[in-house]
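Protein chains in written order, with the numbering used here: chain A, 1 to 524; chain B, 525 to 652. Have a look at the structure below before the remarks.
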Amino acid sequence: MTDVLDIEVAGEATGPKNGVFAAPGQPGSVVTLLPRYENFIGGKWVAPVRGEYMANVSPVNGKVFCDVARSTAEDVELALDAAHAARKAWGETSLTERAAVLNKIADVIEANLQMLAVAESWENGKPVRETLAADIPLAVDHFRYFAGATRSLEGRSTEIDKDTVAYHFHEPLGVIGQIIPFNFPLLMAAWKIAPALAAGNCTVVKPASPTPWSILKLAELLQDVVPPGVLNIITGPGAEIGKALASSPRIAKIGFTGETTTGRLIMQYAAQNLIPSTVELGGKSPNIFFADVMDADDDFLDKAIEGLVLYAFNKGEVCTCPSRALIEESIYDRFMERCLARIEKITQGNPLDPTTMLGAQVSKQQMEKITSYVEIGLLEGAECLIGGKAAHLGGDLENGYYFEPTILKGHNKMRVFQEEIFGPVLAVTTFKDEAQALEIANDTLYGLGAGVWTRDGNRAYRMGRGIQAGRVWTNCYHLYPAGAAFGGYKISGVGRENHQMMLEHYSQTKNLLVSYSTKPLGFF
Amino acid sequence: MNRSPVPRRVQATAAALGAIARVVADVGPVMFFQSGGCCDGSLPLCFRDGEFIVGDHDVKLDTVGGCSFYIDHRQFEVWKHTQIILDVSEGEPEGFSLAAGPECHFVIRSRVFDADELKALATSPADS
Numbered sequence: 001m002t003d004v005l006d007i008e009v010a011g012e013a014t015g016p017k018n019g020v021f022a023a024p025g026q027p028g029s030v031v032t033l034l035p036r037y038e039n040f041i042g043g044k045w046v047a048p049v050r051g052e053y054m055a056n057v058s059p060v061n062g063k064v065f066c067d068v069a070r071s072t073a074e075d076v077e078l079a080l081d082a083a084h085a086a087r088k089a090w091g092e093t094s095l096t097e098r099a100a101v102l103n104k105i106a107d108v109i110e111a112n113l114q115m116l117a118v119a120e121s122w123e124n125g126k127p128v129r130e131t132l133a134a135d136i137p138l139a140v141d142h143f144r145y146f147a148g149a150t151r152s153l154e155g156r157s158t159e160i161d162k163d164t165v166a167y168h169f170h171e172p173l174g175v176i177g178q179i180i181p182f183n184f185p186l187l188m189a190a191w192k193i194a195p196a197l198a199a200g201n202c203t204v205v206k207p208a209s210p211t212p213w214s215i216l217k218l219a220e221l222l223q224d225v226v227p228p229g230v231l232n233i234i235t236g237p238g239a240e241i242g243k244a245l246a247s248s249p250r251i252a253k254i255g256f257t258g259e260t261t262t263g264r265l266i267m268q269y270a271a272q273n274l275i276p277s278t279v280e281l282g283g284k285s286p287n288i289f290f291a292d293v294m295d296a297d298d299d300f301l302d303k304a305i306e307g308l309v310l311y312a313f314n315k316g317e318v319c320t321c322p323s324r325a326l327i328e329e330s331i332y333d334r335f336m337e338r339c340l341a342r343i344e345k346i347t348q349g350n351p352l353d354p355t356t357m358l359g360a361q362v363s364k365q366q367m368e369k370i371t372s373y374v375e376i377g378l379l380e381g382a383e384c385l386i387g388g389k390a391a392h393l394g395g396d397l398e399n400g401y402y403f404e405p406t407i408l409k410g411h412n413k414m415r416v417f418q419e420e421i422f423g424p425v426l427a428v429t430t431f432k433d434e435a436q437a438l439e440i441a442n443d444t445l446y447g448l449g450a451g452v453w454t455r456d457g458n459r460a461y462r463m464g465r466g467i468q469a470g471r472v473w474t475n476c477y478h479l480y481p482a483g484a485a486f487g488g489y490k491i492s493g494v495g496r497e498n499h500q501m502m503l504e505h506y507s508q509t510k511n512l513l514v515s516y517s518t519k520p521l522g523f524f
Numbered sequence: 525m526n527r528s529p530v531p532r533r534v535q536a537t538a539a540a541l542g543a544i545a546r547v548v549a550d551v552g553p554v555m556f557f558q559s560g561g562c563c564d565g566s567l568p569l570c571f572r573d574g575e576f577i578v579g580d581h582d583v584k585l586d587t588v589g590g591c592s593f594y595i596d597h598r599q600f601e602v603w604k605h606t607q608i609i610l611d612v613s614e615g616e617p618e619g620f621s622l623a624a625g626p627e628c629h630f631v632i633r634s635r636v637f638d639a640d641e642l643k644a645l646a647t648s649p650a651d652s
């Protein structure tokens with residue numbers, strides 16, 4: 001991440017003119033803003049059938065900044081109509097053209113990197129230096145990755161015997177339903193949309209209720225890039241349109257990122273329609289620091305310290321937030337002292353200021369949840385080492401949703417060690433040896449991510465293979481390159497994203513079993 | 525039987541009970557399922573009764589306002605030493621949950637059971 005930040009934030013060409021980016025719609029802003037946004041269906045802006053809209057709040061200042069469609073099941077049907085109308089032509093589009101469209105999407109995002117970065121920061125509350133350096137560039141790369149992946153994906157054939165050949169073709173599933181989380185409104189959309197389109201499917205996307213707008217800004221750019229109906233976006237409440245989309249007999253697959261209960265509901269709807277689903281449901285990722293990280297005071301130790309502080313990345317609103325730090329007992333005091341000193345240097349403030357390191361939580365609801373978790377942590381006997389309360393930044397930010405970077409020290413049976421808080425709250429504990437580290441790491445319902453920090457390569461390998469999680473970052477954390485499979489063990493979900501294998505997950509397998517023999521079987 | 529009273533596993537506030545009554549009047553019987561995990565995990569999700577298929581291993585924690593309140597059995601194991609307080613807060617629900625009224629959603633807070641309460645609960649396990 002350091003390298004990426006160096007490139008993007010230090011570059012003057014991508015920086016704001018006067019220190020802080022102007023809010024969308026304000027004079028000098030790189031983002032234009034309409035008072036009201038409609039659904040993106042069939043390449044057009046379509047008003048919701050019932051004419052209802054809902055307010056979209058910026059967590060930066062707690063104020064409404066635009067309205068978006070409050071869609072209903074009727075709008076889901078319109079989006080599905082458009083997707084089905086486009087399905088055949090898009091499914092038959094040559095790989096050359098399909099990849100070209102994906103590359104064009106990437107080019108357009110890249111050309112508008114600053115605009116999308118500011119839009120997403122304003123809507124989600126994440127620091128613009130993260131959207132400039134991570135979210136948007138990664139989204140660009142993701143589309144390019146799948147443009148290449150779909151060109152290189154080959155079907156297989158098997159010579160069963162000298163006259164019989166089994167050919168295997170990838171065929172599109174058809175129309176996909178995709179439900180996007182609020183924590184990376186554009187990157188998580190890219191993770192879902194890119195493989196679906198690359199495999200020749202059309203999609204209906206429902207962004208998360210707190211972050212419906214930035215993806216509509218993306219749609220404005222894609223209107224002339226993606227053929228009408230291939231990508232459709234509808235906004236509205238999950239209970240209404242999320243359900244209507246996920247339970248629709250007109251979709252061939254549903255993709256979802258969110259919490260466990262809705263994940264089960266999604267799989268339940270999929271079962272009722274006998275269609276596949278991919279669900280990513282969060283985690284409680286351990287980040288493990290062995291004593292040898294302090295064998296030298298060098299770049300690697302510096303990297304490990306940053307590795308712990310990465311729990312505050314995207315204000316902790318990350319499915320793989322390294323929210324449980326396990327530190328070897330013998331270095332705990334010295335290591336934590338260094339980490340706390342680093343955390344004290346975190347600057348919290350206006351997310352549109354490129355020097356801001358910690359922005360606003362996405363919603364008031366999330367703020368309340370984080371507060372209640374810190375409360376229960378303290379009630380269970382955890383010790384608050386730093387932070388622990390809402391941050392009041394005054395001025396225009398006073399009504400935004402800011403929480404101080406927080407560390408709670410306790411033990412792994414506490415609820416703050418067992419549940420995803422989705423805030424800048426780290427639960428820290430110690431271990432005596434490798435066996436205990438592994439035991440604590442795996443003592444969780446979840447298994448999405450993990451981090452292992454050690455100078456001992458053999459131990460890193462043993463731990464990496466021993467931890468029951470879909471991804472184990474080894475001497476790094478929070479890297480999300482296209483091409484590294486991402487998904488959960490245990491109740492963290494079913495399926496993978498972010499890898500060429502997704503093309504298989506978004507395809508049917510057609511087997512043509514061909515006999516080149518002229519002889520009958522001889523049975524009848 | 526003369527032992528200390530078994531505490532509620534889920535205690536609804538007056539605001540939550542009022543909201544439940546209004547939601548039930550509006551859409552018919554509802555149920556709650558305590559979620560976990562990503563995004564709006566840790567929220568109590570409110571569904572039309574029967575919308576969510578309760579599994580054989582789910583745990584019914586309590587009945588609040590006439591509605592069943594469930595949790596996943598694995599999650600129950602790590603939550604069972606705490607009482608859930610069901611309440612209502614401003615803002616739309618973020619997942620597939622029904623709203624607790626206009627611009628309102630259900631939330632939980634938690635409280636750690638004391639030793640006596642845990643003892644009483646031990647003799648009266650939650651339904652499963």
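Note that beta-carbon positions come from the ideal geometry of N, C-alpha and C, so glycine has one too. From a predicted model like this one, the values you see are computed outputs, not experimental measurements.
Proximity test, Cβ basis, 9 Å: residue i and chain B
i: residue 238(A); result: yes
i: residue 54(A); result: yes
i: residue 260(A); result: yes
i: residue 418(A); result: yes
i: residue 402(A); result: no
i: residue 281(A); result: yes
i: residue 212(A); result: no
Assigned secondary structure, residue i (DSSP; H/G/I helix, E/B strand, else coil)
i: residue 534(B); result: strand
i: residue 403(A); result: strand
i: residue 213(A); result: coil
i: residue 261(A); result: helix
i: residue 550(B); result: helix
i: residue 91(A); result: helix
i: residue 357(A); result: coil
i: residue 247(A); result: coil
i: residue 609(B); result: strand
i: residue 132(A); result: helix
Spatial distance of residue i from residue j (CA atoms)
i: residue 461(A); j: residue 303(A); result: 19 Å
i: residue 79(A); j: residue 326(A); result: 47 Å
i: residue 420(A); j: residue 566(B); result: 8 Å
i: residue 73(A); j: residue 539(B); result: 30 Å
i: residue 96(A); j: residue 506(A); result: 19 Å
i: residue 603(B); j: residue 406(A); result: 22 Å
i: residue 108(A); j: residue 296(A); result: 45 Å
i: residue 470(A); j: residue 341(A); result: 31 Å
i: residue 37(A); j: residue 213(A); result: 8 Å
i: residue 156(A); j: residue 238(A); result: 40 Å
i: residue 320(A); j: residue 34(A); result: 34 Å
i: residue 556(B); j: residue 597(B); result: 15 Å
i: residue 91(A); j: residue 175(A); result: 10 Å
Residues bridged to residue i (per DSSP)
i: residue 54(A); result: 68(A)
i: residue 544(A); result: Examination of residue 544(A) is not possible in this model, given that chain A is present from 1 through 524 alone.
i: residue 499(A); result: Beta-bridge pairing links residue 499(A) to no other residue.
i: residue 45(A); result: 40(A)
i: residue 473(A); result: 451(A)
i: residue 232(A); result: 204(A)
i: residue 267(A); result: Partner(s): none; residue 267(A) has no beta bridge.
i: residue 614(B); result: 628(B)
Interface flag, residue i vs chain A, CB-CB below 9 Å
i: residue 535(B); result: no
i: residue 547(B); result: no
i: residue 567(B); result: yes
i: residue 591(B); result: no
i: residue 602(B); result: yes
i: residue 573(B); result: no
i: residue 532(B); result: no
The ligand GTP heavy atom lying under 8 Å from the CB of residue i
i: residue 87(A); result: As far as ligands go, the structure on display features none, and thus does not contain the ligand GTP.
Under 8 Å, CB to CB, which of the residues in the segment 476 to 493 of chain A have a partner in chain B? From the segment 476 to 493 of chain A, only 491 and 492 have a Cβ closer than 8 Å to chain B.
Where the segment 607 to 640 of chain B meets chain A: residues whose CB sits under 8 Å from a CB there: Residues of the segment 607 to 640 of chain B with a C-beta less than 8 Å from any C-beta of chain A: 613, 614, 615, 616, 617, 618, 619, 620, 621, 622, 623, 629, 631, 632, 633, 634, 635 and 636, listed in chain order.
Pull out every residue of the segment 199 to 210 of chain A whose Cβ sits closer than 8 Å to any Cβ of chain B, in chain order. Correct list: 208, 209 and 210.
Determine which residues of the segment 68 to 79 of chain A have a Cβ less than 9 Å from any Cβ of chain B, and write them out in chain order. Answer set for the segment 68 to 79 of chain A: empty.
Taking Cβ-Cβ distances below 9 Å as the criterion, which residues of the segment 576 to 588 of chain B are in contact with chain A? Per Cβ criterion, the list reads 576, 577 and 579.
Determine which residues of the segment 268 to 298 of chain A have a Cβ less than 8 Å from any Cβ of chain B, and write them out in chain order. Near chain B, meaning a CB-to-CB distance below 8 Å, the residues of the segment 268 to 298 of chain A are 268, 280, 281, 282 and 283.
Output, in sequence order along the chain, the residues in the segment 171 to 203 of chain A whose CB is closer than 7 Å to any CB in chain B. Hits within the stretch, in order: 181, 182 and 183.
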